[in-house]
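**Student:**
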Amino acid sequence: MAATLTARAVYDAYHDRFALQWVAGGAGEHRVVRQEPGDGGAAPIAALIVGHLNLIRPYQIQILGGTELDYLQGLGKNSRQDAVVRLFSEPTCMVIVTDGQVIPEDMHEAAEAAGTPLLCSALPSGQLVGRLQHVLSAALAEHAKNLARDTRAAL
4 MAATLTARAV YDAYHDRFAL QWVAGGAGEH RVVRQEPGDG GAAPIAALIV
54 GHLNLIRPYQ IQILGGTELD YLQGLGKNSR QDAVVRLFSE PTCMVIVTDG
104 QVIPEDMHEA AEAAGTPLLC SALPSGQLVG RLQHVLSAAL AEHAKNLARD
154 TRAAL
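When you line the sequence shown up against my numbering, it's residues 4 to 158, in that order.
1) Would you report the Cα separation of G118 and V26, rounded to the nearest angstrom?
2) From A10, Q24, E93, pick the residue whose C-alpha is nearest to that of G103; which is it?
3) Distance, Cα to Cα, A22 vs L90?
4) The beta strand (DSSP E) that contains Q228, what's its start and end?
5) Cβ atoms of T101 and L67: under 8 Å apart, would you say?
6) How far does the alpha helix (DSSP H) with A12 in it reach, from first residue to last?
7) Is A125 helix, strand or coil by DSSP?
8) Compute every distance between the C-beta of A30 and the non-hydrogen atoms of the ligand ATP, then say whether any falls below 7 Å.
9) Would you decide whether Q84 is buried or exposed? Buried here means 16 or more other CB atoms lie within 10 Å of its CB.
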């Protein structure tokens, strides 16, 4: 895993393991997954970084399975357009459509317009969320440990 956890680094490290395919938003490959502190400033918690669609408190890695796509499809035209724009805006680092779902064209367009990576995976959404939380917890903890070591060495 790279020193900075970018969308490209996540894809490169896990595309084979999680059957990820990069679909759109290539300009956003350098978006950084920012570490969220755990309780009391402890190690970063991946559960705060990756999860199913949440437009109120957006995850940096938003996962959309059939349920989430059905929800978005059921919105009125203007509401859906607003939701898709928000989905691909900061702080979202990447969006992954799972369960082998067909990605709607407006999501391709939004990913390209916002420069937000859009990926897909055939894995079930719940399984991908759990696995990404697990591997990102380890990667982020290692990154935090290295950063602390480098900071101490610079002093």
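All C-beta atoms in this analysis are idealised placements derived from N, C-alpha and C, irrespective of residue type, glycine included. It should be emphasised that the depicted structure is a prediction, and the values quoted were computed from it without experimental measurement.
**Tutor:** Per the coordinate set shown:
1) For this step, residue 118 is matched to residue 115 along the sequence shown. For this step, residue 26 is matched to residue 23 along the sequence shown. Each residue's Cα considered, the two are about 12 Å apart.
2) Counted from its first residue, the sequence shown places residue 103 at position 100. The option with the nearest alpha carbon to G103 is Q24.
3) Taking the first residue of the sequence shown as 1, we reach residue 22 at position 19. Taking the first residue of the sequence shown as 1, we reach residue 90 at position 87. Approximately 22 Å between the Cα atoms of the pair.
4) This structure cannot settle anything about residue 228, because the visible part of the chain is limited to 4 through 158.
5) Start at 1 with the first residue of the sequence shown, and residue 67 comes out as number 64. Start at 1 with the first residue of the sequence shown, and residue 101 comes out as number 98. Against a cut-off of 8 Å, the Cβ pair of T101 and L67 comes out as a contact.
6) Looking up residue 12 in the sequence shown gives position 9. A12 -> alpha helix (DSSP H) spans 10-17.
7) Taking the first residue of the sequence shown as position 1, residue 125 is located at position 122. Here A125 sits in coil by DSSP.
8) As far as ligands go, the structure on display features none, and thus does not contain the ligand ATP.
9) Taking the sequence shown and counting its residues from 1, one reaches residue 84 at position 81. The residue is exposed, with fewer than 16 neighbouring Cβ atoms inside 10 Å.
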